[in-house]
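Quick note: the sequence shown uses my numbering, first residue 166, plus one each step.
One structure is given here, and the rest of the page talks about it.
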Amino acid sequence: MELTKKNKGKVIVKPPISSIGIPGWIRENLFSSPFNTVLTIIIVSILWFSILPFLNWALIDSSWLPDANCRESDGACWSIISSNYKIILFGFYPQDILWRPITAIFLLVSLLFISRNRNYWNAFLGYSWIISLVIMGILLKGGILGLEAVDIERWGGIILTLLLSVFGLTAAYPLGVILALGRQSKMPVIKTFCVFYIELIRGVPLISLLFMSSVVFPLFLPEGVSINAILRAQIAIIMFTAAYVAEVVRGGLQGMNKGQFEAADSLGLNYFQTMRLIILPQALKIVIPPSVSVLISAFKDTSLVVIIGLYDLLKTTQTTLSEPKWMGFSAEAYIFIAIIYFVCCFFMSNYSRKLEKELDTGL
Numbered sequence: 166m167e168l169t170k171k172n173k174g175k176v177i178v179k180p181p182i183s184s185i186g187i188p189g190w191i192r193e194n195l196f197s198s199p200f201n202t203v204l205t206i207i208i209v210s211i212l213w214f215s216i217l218p219f220l221n222w223a224l225i226d227s228s229w230l231p232d233a234n235c236r237e238s239d240g241a242c243w244s245i246i247s248s249n250y251k252i253i254l255f256g257f258y259p260q261d262i263l264w265r266p267i268t269a270i271f272l273l274v275s276l277l278f279i280s281r282n283r284n285y286w287n288a289f290l291g292y293s294w295i296i297s298l299v300i301m302g303i304l305l306k307g308g309i310l311g312l313e314a315v316d317i318e319r320w321g322g323i324i325l326t327l328l329l330s331v332f333g334l335t336a337a338y339p340l341g342v343i344l345a346l347g348r349q350s351k352m353p354v355i356k357t358f359c360v361f362y363i364e365l366i367r368g369v370p371l372i373s374l375l376f377m378s379s380v381v382f383p384l385f386l387p388e389g390v391s392i393n394a395i396l397r398a399q400i401a402i403i404m405f406t407a408a409y410v411a412e413v414v415r416g417g418l419q420g421m422n423k424g425q426f427e428a429a430d431s432l433g434l435n436y437f438q439t440m441r442l443i444i445l446p447q448a449l450k451i452v453i454p455p456s457v458s459v460l461i462s463a464f465k466d467t468s469l470v471v472i473i474g475l476y477d478l479l480k481t482t483q484t485t486l487s488e489p490k491w492m493g494f495s496a497e498a499y500i501f502i503a504i505i506y507f508v509c510c511f512f513m514s515n516y517s518r519k520l521e522k523e524l525d526t527g528l
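Have a look at this one:
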């Protein structure tokens, strides 16, 4: 131990440098025992022989410029992104008016970011969403105000992914809450219908619903009547996600103490007032983690629309990789897509943790 000067007749003893700060943390957590020492050496060796080659491939020896010849390089070919980002992100949307989808996406992301703060949850924000959605629809579709009309079939890439995910999840959650309440209803017809719907939808994969909406459903439409393929896929995603949300919400409802219902009855509240003011706020707070887990899974499952020929992010990436010039560089393209999905999922997960802390009452 290191001795220091006396303080009023007392000798102040400082702890050894090896037991405090970063050296102390390393010694305590990484080399505290022979087993931990061996384990630390093994993990560091694995990282050394895996991370360093990856960084060398991804950053040092990589090609970034659109006109780079990736065949002559041993590193990653990020040129596939810089050369084809318009196709990957926007599909077959006319490239001379890409400012319209970019503006719409910026508007959507801005609203989502502002909506993270519960202090802004008021009527003005609600009207802002409605007005912004109308503006986004006008920008993307066109045909009015002097804007060139763009057929919805040409929407692709991140436009289609955000359309299916944001609007799909927004519509699926309240529908799932209604189904959960219906499953606990005392009315036999409503309860039977909700149970049948939930069990039927949860018993089949999403791909089967997408195929039904794309191939089978149009056969039942009257002659001359057609529904857009994107709308049919959107409905399938909403129906599928709502069934899973319903079971999560039902778990929260079953976790409510009967005393809550009795207290509501003693106050003279009817069923709708009880659910809106007392039961649902508590139940939905309880099931925030599993609800967000379902929504994140549903967001990633929107990539399955590639099976029915819709050009989402995955499909536009595959289209780019089909060109002979870019064959063999699929890893770079899929890493780019994975980063986009990760950022979106991380945003949802981070917001759920923030919401949990804000709603935590300590009970």
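Here a beta-carbon is modelled for each residue, glycine too, at the ideal position from N, C-alpha and C.
Pop quiz: residue i and residue j are said to be a contact at Cβ under 8 Å. What is the actual Cβ separation, rounded to whole angstroms?
{"i": "L478", "j": "I253", "result": "7 Å"}
{"i": "S228", "j": "S238", "result": "5 Å"}
{"i": "L340", "j": "A407", "result": "4 Å"}
{"i": "Y499", "j": "T482", "result": "7 Å"}
{"i": "V508", "j": "V459", "result": "The Cβ separation is near 20 Å, so there is no contact."}
Going by alpha carbons, who is nearest to residue i out of the options?
{"i": "I366", "options": "V342, D316, I402", "result": "I402"}
{"i": "V274", "options": "D226, W243, I324, S227", "result": "I324"}
{"i": "M492", "options": "L434, S244, Q399", "result": "S244"}
{"i": "I317", "options": "P218, Q447, L212, R397", "result": "R397"}
{"i": "Q447", "options": "D232, D430, L418, G311", "result": "L418"}
{"i": "I300", "options": "I270, K356, V369", "result": "I270"}
{"i": "C235", "options": "D525, P489, A503", "result": "P489"}
{"i": "C510", "options": "G302, T326, I309", "result": "T326"}
{"i": "I395", "options": "P199, N515, N201, L469", "result": "L469"}
{"i": "K519", "options": "R281, D226, P266", "result": "R281"}
{"i": "L328", "options": "E364, P266, G368", "result": "P266"}
{"i": "A337", "options": "P387, I363, S379, I187", "result": "I363"}
Is the beta carbon of residue i less than 8 Å from the beta carbon of residue j?
{"i": "I451", "j": "G420", "result": "yes"}
{"i": "L334", "j": "F494", "result": "no"}
{"i": "A314", "j": "G322", "result": "no"}
{"i": "I461", "j": "L375", "result": "no"}
{"i": "V263", "j": "F257", "result": "Position check: residue 263 holds Leu in this sequence, whereas Val was assumed. Contact: no."}
{"i": "A454", "j": "S517", "result": "Note that residue 454 corresponds to Pro in the displayed sequence, not to Ala. Yes, these two residues count as a Cβ contact at 8 Å."}
{"i": "L224", "j": "S247", "result": "no"}
{"i": "F114", "j": "L371", "result": "Missing from the structure shown is residue 114; the chain here goes from 166 to 528 and no further."}
{"i": "W320", "j": "L305", "result": "yes"}
{"i": "S330", "j": "T467", "result": "yes"}
{"i": "M513", "j": "V457", "result": "yes"}
{"i": "T205", "j": "L195", "result": "yes"}
{"i": "R283", "j": "E521", "result": "no"}
{"i": "E497", "j": "A241", "result": "yes"}
{"i": "L434", "j": "L445", "result": "no"}
Looking at the C-beta of residue i, does it have a partner C-beta in chain C at a distance below 8 Å?
{"i": "L212", "result": "This model lacks chain C altogether, as it is built from one protein chain only."}
**Report entry** Every unbroken alpha helix (DSSP H) within the region 296-334, with a cutoff of 4 residues, ordered by chain
**Finding:** 323-327
Report task. Would you list, in sequence order, the uninterrupted alpha helix (DSSP H) runs of no fewer than 4 residues that lie entirely inside the region 461-506? Result -> 478-486
Requested in this report: Decide yes or no for the touch test of the region 338-346 against the region 405-417: beta carbon pairs closer than 8 Å, at least 3 of them.
Outcome: yes
Query raised in the report: Any chance the region 292-308 sits against the region 265-283, with 3 or more Cβ pairs inside 8 Å?
Result: yes
Requested in this report: Could I get the ranges of all uninterrupted beta strand (DSSP E) runs contained in the region 336-415, with 3 residues as the minimum, in chain order?
Outcome: none
**Report entry** Every unbroken alpha helix (DSSP H) within the region 224-285, with a cutoff of 4 residues, ordered by chain
**Finding:** 244-255, 264-280
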